[in-house]
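Enquirer:
There are 6 protein chains.
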Amino acid sequence: MRILVANANTTEAITALCAEAARGAAGPGTEIIPATPRFGPEVISSRAENVIAGHALLELLAEHAGQVDGVLLAVSHDTALEAARQLMPCPVVGMTEAACFTACLAGGRFGLVTFGGTETYRERIAQHGLASRLAGLIGIPATPQDAVRDPAGVATRIGGAIAELAGQGADSVVLGGAALAGMAPRLQPEAPVPLLDGMACGVRLLEMLVALRLPKPRLGSFAVPQGRMVGGVSAPLAALLRGG
Amino acid sequence: MRILVANANTTEAITALCAEAARGAAGPGTEIIPATPRFGPEVISSRAENVIAGHALLELLAEHAGQVDGVLLAVSHDTALEAARQLMPCPVVGMTEAACFTACLAGGRFGLVTFGGTETYRERIAQHGLASRLAGLIGIPATPQDAVRDPAGVATRIGGAIAELAGQGADSVVLGGAALAGMAPRLQPEAPVPLLDGMACGVRLLEMLVALRLPKPRLGSFAVPQGRMVGGVSAPLAALLRGG
Amino acid sequence: MRILVANANTTEAITALCAEAARGAAGPGTEIIPATPRFGPEVISSRAENVIAGHALLELLAEHAGQVDGVLLAVSHDTALEAARQLMPCPVVGMTEAACFTACLAGGRFGLVTFGGTETYRERIAQHGLASRLAGLIGIPATPQDAVRDPAGVATRIGGAIAELAGQGADSVVLGGAALAGMAPRLQPEAPVPLLDGMACGVRLLEMLVALRLPKPRLGSFAVPQGRMVGGVSAPLAALLRGG
Amino acid sequence: MRILVANANTTEAITALCAEAARGAAGPGTEIIPATPRFGPEVISSRAENVIAGHALLELLAEHAGQVDGVLLAVSHDTALEAARQLMPCPVVGMTEAACFTACLAGGRFGLVTFGGTETYRERIAQHGLASRLAGLIGIPATPQDAVRDPAGVATRIGGAIAELAGQGADSVVLGGAALAGMAPRLQPEAPVPLLDGMACGVRLLEMLVALRLPKPRLGSFAVPQGRMVGGVSAPLAALLRGG
Amino acid sequence: MRILVANANTTEAITALCAEAARGAAGPGTEIIPATPRFGPEVISSRAENVIAGHALLELLAEHAGQVDGVLLAVSHDTALEAARQLMPCPVVGMTEAACFTACLAGGRFGLVTFGGTETYRERIAQHGLASRLAGLIGIPATPQDAVRDPAGVATRIGGAIAELAGQGADSVVLGGAALAGMAPRLQPEAPVPLLDGMACGVRLLEMLVALRLPKPRLGSFAVPQGRMVGGVSAPLAALLRGG
Amino acid sequence: MRILVANANTTEAITALCAEAARGAAGPGTEIIPATPRFGPEVISSRAENVIAGHALLELLAEHAGQVDGVLLAVSHDTALEAARQLMPCPVVGMTEAACFTACLAGGRFGLVTFGGTETYRERIAQHGLASRLAGLIGIPATPQDAVRDPAGVATRIGGAIAELAGQGADSVVLGGAALAGMAPRLQPEAPVPLLDGMACGVRLLEMLVALRLPKPRLGSFAVPQGRMVGGVSAPLAALLRGG
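Protein chains in written order, with full-length UniProt numbering: chain S, 1 to 244; chain C, 1 to 244; chain L, 1 to 244; chain D, 1 to 244; chain F, 1 to 244; chain X, 1 to 244.
(1) Taking a Cβ distance cut-off of 7 Å, strictly less, list which residues of the stretch 209-231 of chain C are near chain S, in chain order.
(2) Determine, for Val71(D), whether the minimum Cβ-Cβ distance to residues of chain L falls below 7 Å.
(3) Check Ile125(C) in the structure and name its three-state DSSP category.
(4) I'd like to know if Gly169(C) contacts chain X, where contact means its C-beta is closer than 7 Å to some C-beta of that chain.
(5) Locate the alpha helix (DSSP H) running through Val148(S), then write down its first and last residues.
(6) Check the DSSP bridge columns for Ile138(D) and list the partner residues they point to.
(7) Under 7 Å, CB to CB, which of the residues in the stretch 73-104 of chain F have a partner in chain L?
(8) Give the interface partners of Val233(S) over in chain X, defined as CB-CB distance under 8 Å, in chain order.
(9) Using a cut-off of 9 Å between C-beta atoms, extract the partners of Glu119(S) located in chain F.
(10) For Ser76(C), which residues of its own chain have a beta-carbon under 6 Å away from its beta-carbon, when the five flanking residues on both sides are left out?
(11) Can you tell me whether Pro41(X) is buried or exposed? The criterion is at least 16 other CB atoms within 10 Å of its CB, across all chains shown.
(12) Using the Cβ count rule (16 or more neighbours within 10 Å means buried), how would you classify Gln86(D)?
(13) Looking only at its own chain, which residues have a Cβ that is under 8 Å from the Cβ of Asp197(S), when we skip the five neighbours before and after it?
(14) Does the separation of the CB atoms of Leu206(C) and Val93(C) fall below 7 Å?
(15) Taking Leu134(C) and Ile140(C) to be in contact with their CB atoms under 8 Å, please state how far apart those CB atoms are, rounded to whole angstroms.
(16) Note the first and the last residue of the continuous alpha helix (DSSP H) segment covering Ile3(S).
(17) Identify every run of the beta strand (DSSP E) within the stretch 147-182 of chain F, keeping only runs that are complete inside it and at least 3 residues long; order them along the chain.
(18) So Arg186(L) and Ala142(L) are in contact, right, with Cβ under 8 Å, and what is the actual spacing, rounded?
(19) In chain L, which residues lie less than 7 Å from Phe10(C) when you measure between Cβ atoms?
(20) Quick check for students: name the residue ranges of the beta strand (DSSP E) that lie wholly in the stretch 64-88 of chain C, counting only runs of 3 or more.
(21) Check for me: the alpha helix (DSSP H) holding Ala21(D) runs from which residue to which?
(22) Can you tell me the Cβ-Cβ gap for Asn9(C) and Ala35(C), rounded? I've got them flagged as a contact below 8 Å.
(23) With respect to the beta strand (DSSP E) encompassing Ala211(X), which residues constitute its N-terminal and C-terminal limits?
(24) Could you check whether Pro236(S) and Glu63(S) sit closer than 7 Å to each other, using their CB atoms as the reference points?
(25) Say whether chain F places a C-beta atom closer than 7 Å to the C-beta of Glu49(D).
(26) Skipping 5 residues on each side, what residues in its chain have a beta carbon closer than 6 Å to that of Gly116(L)?
(27) Roughly how many angstroms lie between the CA atoms of Asp171(C) and Ala131(C), to the nearest whole one?
(28) Please confirm whether Phe39(L) and Gly231(C) have their CB atoms less than 7 Å apart.
(29) Asp78(X): buried (16+ other C-beta within 10 angstroms of its C-beta) or exposed?
(30) Identify which residue in Leu219(F), Arg23(F), Pro89(F) and Ser45(F) has its Cα closest to the Cα of Ala166(X).
(31) Skipping 5 residues on each side, what residues in its chain have a beta carbon closer than 8 Å to that of Ser234(X)?
(32) Can you check whether the C-beta of Ala166(D) is within less than 7 Å of a C-beta belonging to chain L?
(33) Could you check which residue in Leu57(D), Glu164(D) and Gly136(D) has the C-alpha nearest to that of Gly118(D)?
(34) Hey, Ser46(S) and Arg149(X): beta-carbon distance below 7 Å or not?
(35) For chain C, is any of its Cβ atoms less than 7 Å away from the one on Ser46(L)?
(36) What residue from Arg109(X), Val224(X) and Ile44(X) has the CA that sits closest to Leu195(X)'s CA?
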């Protein structure tokens, strides 16, 4: 099974980090294919960047359409997730979506910890329909760079946030954002509740979806596009939108 | 990997049907172990039966605790799901839960079709936090026996309900109830949207959860019981509740 | 009028405590009949125990079916409430349900204070449809035993929680859990808002429901069971499920 | 116990009808005191009338403050309910509130049938926090006059609506509006689910609240007014608002 | 364009303050007509006063019906808003409604700061359907008199509340209550997010609604009243309710 | 005042149609500047096209940043609205957002009628937080081309949908989609409730927002981007994202 791990920003190091986390969690026989967009934000941290990244991501996916069995979006806001799900002939899962839905299978309510602001996570989780299962969100005032410079200090702060969320009723905590990908093993021993890594959850959910072989819907807003005319996009993306 | 397919009613034929559906969907290396309670309802179709079946199910699970890697509840109302999840040392998934969460990964809103009443499904889906992703519920006024007597007629009615739900905005339809287990392959060709079988979704979700090796929470309402004294239950169940 | 005060755990002292609280609140002519299950948890404090207790409770109720005019569940999570409501030929009310609905008739939002965790209360109140009327939940990190050992200290902590909930917008506070049954008179003088005791509210709500003489629904998921075959339960419970 | 049945419109016949329904349901020892406002709408059927009636109702209540043990608002939109609850030294219940909360104790979801439009009922039920327990609303395109002229025809239409609501998942049906007060006994025999009369439910809920002797909150938005200066109102109402 | 700025309490100084704020924000050609009720509360701070003020307000509006192009309710709880909207032949907007809806056009979630209690604001915002866009509410324990006596001290406390709300995820903050009308310019320079003044937002929204020339609905609960008979109200109000 | 009417698809005729509707509704002194993206879908009718259009739209807006006083998104799904709101130094409003929020100021619940599917509208309205104010959605199975070919026939069908929505409780109906822009005057005479045109509502809301001169938030997820590095976008867009 070939799973595309598609970053939505142009920082190859993040793609590599996410791909590594995915590989560490993948089942035997699952090949992880990392991919990075050709244009767009280096790191998404504004709403406008997220929109641009959505386009860049669809371009990236279109190049791989038909050549992969599933797509895992390695981007914390599940950028362009629904669009990709409609567009691609294979299952698509977002990393935060994956972690949140897995959390629902492991307990009652969940928390989320990330670097920086949390409002866009709150919005995304509400869009996923999971607002009533969210116990709380904590944004650590730190950057990925801080995590590189002072890993122990940052880990301590994340650990504190995890404990606080557990105290607020979270039965598990999602590690939000690509920057936290792969940190679960280091943080888990001290944590009072299970930690959920979006890449690990996502790759396993994709394996599951691929195995189920669900057909695409023929009706509704997730039916594959047909006859759409779109200018200024790559040939593969234009072809997908034209369908046929 | 050993997965217990645990029915919550005492009708072995349903256990067998569900186990077969699970086996058909399971990955290589997954062993399906069917299990039927020693007491309780022949078929659950009242709230009281569901409560009794919950106890019977926990007794059943306790016998297998430590000997299986995951538990799939082969009962449409996800009977005693949260209790089983807290109690057992391994992941536990309910068949309706499994289908509904999978539906969320395959589209926007989903529908559910079943035999008989739908209110208890509506309640269960709301408890799962997915009310905003539910497009509609349709209860076919038929019984499992009707499905045996007149499979084509019943299939036609189910097909009509699926089309109606798709028209109401469902991007996929959950086949609710053990009686519909394994019917997806027959119904899918005519259906405009993907059909979700709880046993198939559940066995694959369990494989995924087992692979993730999430620890049990040490805090909160899903932490394993400790020191609970319970009379009149089997030794294995009493032991699990005592913990230690 | 004969009202069954049915505990769902096997600790007779709790049954007695609850029955006393019910008697203290009952109208003239109301007879309180305490009842304790024959099996199940000594004290419910896990989800699994709550499921087992649900079965034990239905067994207990079945013994009294037709001999009582109403049933008050003396168990904080309104264990098996909906099942009992469907099963029994008379009105059934849960103690937490009773307190929460009464709170709605006495103000805008309410709070709840209890010993231990609060997540299962949050879930139950949401199932009752009252999430938007809940101002907050506070779990005192104490046990019923602490309340016996240091009643003044524990009362002070409960009082603090009540004041905190009032500050969060609660117009009244539910005393959650059988362990707090009967404590309202002692705590009320210092409390800035009315305190609601589930037994007191419940017995009065039952008197009201009995007086209304509402028929049972003949349709839907609360219609009395008919022809249900259930093995391994007592004769009275089996008879109720068979109906006729 | 003295219970004021306070109409909010000036049609004495409606007051009498409601008082009769209340008397028919009241316990022994409960005296029903009917009261009609001195000004305001003859029949409330617009939002503006409802506001005017709110003022008229508070004037009416103030005259009886201290002389009654409870107040039942005999007006379908629970006009000025929260204000009356804050203002009066005794419990206050609205007839629709009473029926809806009773419905919650008798099943899962409920329906409501009334004459005319239903949007304001939908809003009121949502304000009570019960939106998730409402299965549906049906407004019969008829007037109270029609019910007088053609009682059998109107009863047939109401019966049809009740059956339709039961089919939509209502476990009980609220008869909405003073015009339907007292009709439950006639309609119940044909109805598949229990019918709830606001006056009957209300008088019994008040008996229950009076018996509980809950103190008034000393904090928050339901604490009794103190030192409020209000011009152009009657002396009794002004005095209540001044407090002291 | 003539816009009526209608206070719902009888304190002319508040009317003047609100009218001044409205004038400061109004477009060229907009005339602000201040109006104060003839009876009712000096300052609304209880639920009962709000009901009485509703009637007083409708009396006041009726006097101006047909002579103004729009009505801005200069009262923080949007008193009698829906009734006025149905009754008047011109657009009607409430000051808190105006600020909250404007906040939704300027960011994601908003906060609200006011003097005194916040529960009635929470209820009103939920009635407007905006509960999911409310980040938080803070009630400063101060009175309008405090603001006159110690403007700097009170401004500091309001500023602190604004910062706290921004920290909770508010992208803007509504200044709630007539007492804060006109304070935005003074507080804005220090505030990290935009501040919304109900009078400023309201007058501009009214200009917009007047310009759109939407017809009144001919159906439903906002259609103009016809043939309503209401006693004890002024001739203009009675005439409006009679319609024709 | 200069208002940019920004289409998100590349069909100039739609831009012109929308600009004309905006001009027809604009106040004196408001200049409408139509703009069409350089790339992207001819007509958006899939989720993927909406994502691509979001990027194209931001490119388009960036060219006009600093040269316009407000931006009206002439695209039915409010494409990239929140991103544009964060990015641009001036107010930004979406056409569907504008119509829905205006509807809330004109009645209780609203309906929406459009060509084609409605699920993405349902999602967008829920994201705006207005789910509880939505009475219903109807998608006419017609295309914009049908409207050109058979305007009377299509108008009849739209009229039927409007009446149906009014019957479901809608106090007003939003005409959804650019294809219906400008049709309100033709349809209004027959409609029982006011019709809302997104362009008309939007241009007036923008005039209002521009007049209010709200500052941009300095904190949170709508604060202007600073120091964002984005490759492969136009110089103006890159500059806006870099900030400074």
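Every residue, glycine too, gets a C-beta built ideally from N, C-alpha and C.
Expert: With the given structure in hand:
(1) Taking a C-beta cut-off of 7 Å against chain S, the contacting residues of the stretch 209-231 of chain C are Leu209, Ala211, Leu212, Leu214, Pro215, Pro217, Arg218, Leu219, Gly220, Ser221 and Phe222, listed in chain order.
(2) What you label residue 71(D) is simply residue 71 of the fourth sequence in a count that begins at 1. Closer than 7 Å: no.
(3) As a position in the second sequence, residue 125(C) is number 125, starting the count at 1. Three-state DSSP puts Ile125(C) in a helix.
(4) Here residue 169(C) refers to the residue found at position 169 of the second sequence. The beta carbon of Gly169(C) sits closer than 7 Å to some beta carbon of chain X.
(5) In the first sequence, counting from the first residue as 1, residue 148(S) sits at position 148. According to the DSSP assignment, Val148(S) belongs to the alpha helix (DSSP H) that extends over Pro144 to Arg149.
(6) What you label residue 138(D) is simply residue 138 of the fourth sequence in a count that begins at 1. Per DSSP, Val113(D).
(7) Under the 7 Å Cβ criterion, the stretch 73-104 of chain F contributes no residue.
(8) The residue you call residue 233(S) lines up with position 233 of the first sequence. The contacting residues are Phe39, Gly40 and Ile52.
(9) Your numbering for residue 119(S) matches position 119 in the first sequence. Near Glu119(S) (Cβ distances below 9 Å), the residues of chain F are Gly108, Arg109, Ala135, Gly169 and Asp171.
(10) Indexing the second sequence from 1 puts residue 76(C) at position 76. Same-chain partners within the cutoff: Thr96, Gly176, Gly177 and Ala178.
(11) For this step, residue 41(X) is matched to residue 41 along the sixth sequence. Looking at its Cβ environment, which holds 16 or more other Cβ atoms inside 10 Å, Pro41(X) is buried.
(12) Within the fourth sequence, the letter at position 86 stands for residue 86(D). Counting Cβ neighbours within 10 Å, Gln86(D) comes out buried, since at least 16 surround it.
(13) On the first sequence, position 197 is the one that residue 197(S) refers to. Contacts found: Ala21, Ala25, Ala99, Leu175, Leu180, Ala181, Gly182, Met183 and Ala184.
(14) Position 206 of the second sequence, counted from the start, is the residue given in the question as residue 206(C). Position 93 of the second sequence, counted from the start, is the residue given in the question as residue 93(C). Val93(C) sits close to Leu206(C), with the two beta carbons spaced by under 7 Å.
(15) Here the question's residue 134(C) lines up with position 134 in the second sequence. Here the question's residue 140(C) lines up with position 140 in the second sequence. No, Leu134(C) and Ile140(C) are not in contact; Cβ-Cβ is about 17 Å, not under 8 Å.
(16) Reading the first sequence from its first residue, position 3 is the one you call residue 3(S). Element bounds for Ile3(S): not the alpha helix (DSSP H) but the beta strand (DSSP E), Arg2 to Asn7.
(17) Those beta strand (DSSP E) runs which fall completely within the stretch 147-182 of chain F and span 3+ residues are 170-175.
(18) Locating residue 186(L) in the third sequence gives position 186, counting from the first residue. Locating residue 142(L) in the third sequence gives position 142, counting from the first residue. The distance from the Cβ of Arg186(L) to that of Ala142(L) is about 15 Å, inconsistent with a contact at the 8 Å cut-off.
(19) On the second sequence, position 10 is the one that residue 10(C) refers to. Before going further, note that residue 10(C) is Thr rather than Phe in the sequence given. Near Thr10(C) (Cβ distances below 7 Å), the residues of chain L are Gly231.
(20) Counting only runs of at least 3 residues, the stretch 64-88 of chain C fully encloses the following beta strand (DSSP E) elements, listed from N- to C-terminal order: 70-74.
(21) In the fourth sequence, counting from the first residue as 1, residue 21(D) sits at position 21. For Ala21(D), the uninterrupted alpha helix (DSSP H) run begins and ends at Glu12 to Ala25, by DSSP.
(22) The residue given as residue 9(C) occupies position 9 in the second sequence. The residue given as residue 35(C) occupies position 35 in the second sequence. A Cβ-Cβ separation of about 12 Å leaves Asn9(C) out of contact with Ala35(C) under the 8 Å criterion.
(23) Stepping through the sixth sequence from its first residue, residue 211(X) is reached at position 211. It is not in any beta strand (DSSP E) - Ala211(X) instead sits in the alpha helix (DSSP H) that spans Gly198 to Leu212.
(24) Looking up residue 63(S) in the first sequence gives position 63. Looking up residue 236(S) in the first sequence gives position 236. Cβ distance < 7 Å, so Glu63(S) and Pro236(S) count as in contact.
(25) Counted from its first residue, the fourth sequence places residue 49(D) at position 49. Answer yes: the Cβ-Cβ gap between Glu49(D) and chain F drops below 7 Å somewhere.
(26) As a first step, residue 116(L) must be located in the third sequence, where it is residue number 116. The answer, listed in chain order, is Gly139.
(27) Working through the second sequence from its first residue, we reach residue 171(C) at position 171. Working through the second sequence from its first residue, we reach residue 131(C) at position 131. Asp171(C) and Ala131(C) have their C-alpha atoms spaced approximately 15 Å apart.
(28) Your numbering for residue 39(L) matches position 39 in the third sequence. Your numbering for residue 231(C) matches position 231 in the second sequence. Yes, Cβ-Cβ distance for Phe39(L) and Gly231(C) is below 7 Å.
(29) Walking along the sixth sequence from the start, residue 78(X) turns up at place 78. With 16 or more Cβ atoms within 10 Å of its Cβ, Asp78(X) is classed as buried.
(30) In the sixth sequence, the residue the question calls residue 166(X) occupies position 166. With distances taken between Cα atoms, Ala166(X) lies closest to Leu219(F).
(31) In the sixth sequence, counting from the first residue as 1, residue 234(X) sits at position 234. These residues qualify, in order along the chain: Glu59, Ala62 and Glu63.
(32) On the fourth sequence, position 166 is the one that residue 166(D) refers to. For Ala166(D), the answer is yes, since a Cβ of chain L falls inside 7 Å of its Cβ.
(33) Indexing the fourth sequence from 1 puts residue 118(D) at position 118. Per the sequence presented here, residue 118(D) reads as Thr, with Gly not at that position. Closest option to Thr118(D), Cα to Cα, is Gly136(D).
(34) Numbered from 1 along the first sequence, position 46 holds the residue referred to as residue 46(S). Numbered from 1 along the sixth sequence, position 149 holds the residue referred to as residue 149(X). Result no, Cβ atoms of Ser46(S) and Arg149(X) do not sit closer than 7 Å.
(35) Position 46 of the third sequence holds residue 46(L). Chain C, which has a Cβ nearer than 7 Å to the Cβ of Ser46(L), makes this yes.
(36) Locating residue 195(X) in the sixth sequence gives position 195, where the first residue counts as 1. Closest option to Leu195(X), Cα to Cα, is Arg109(X).
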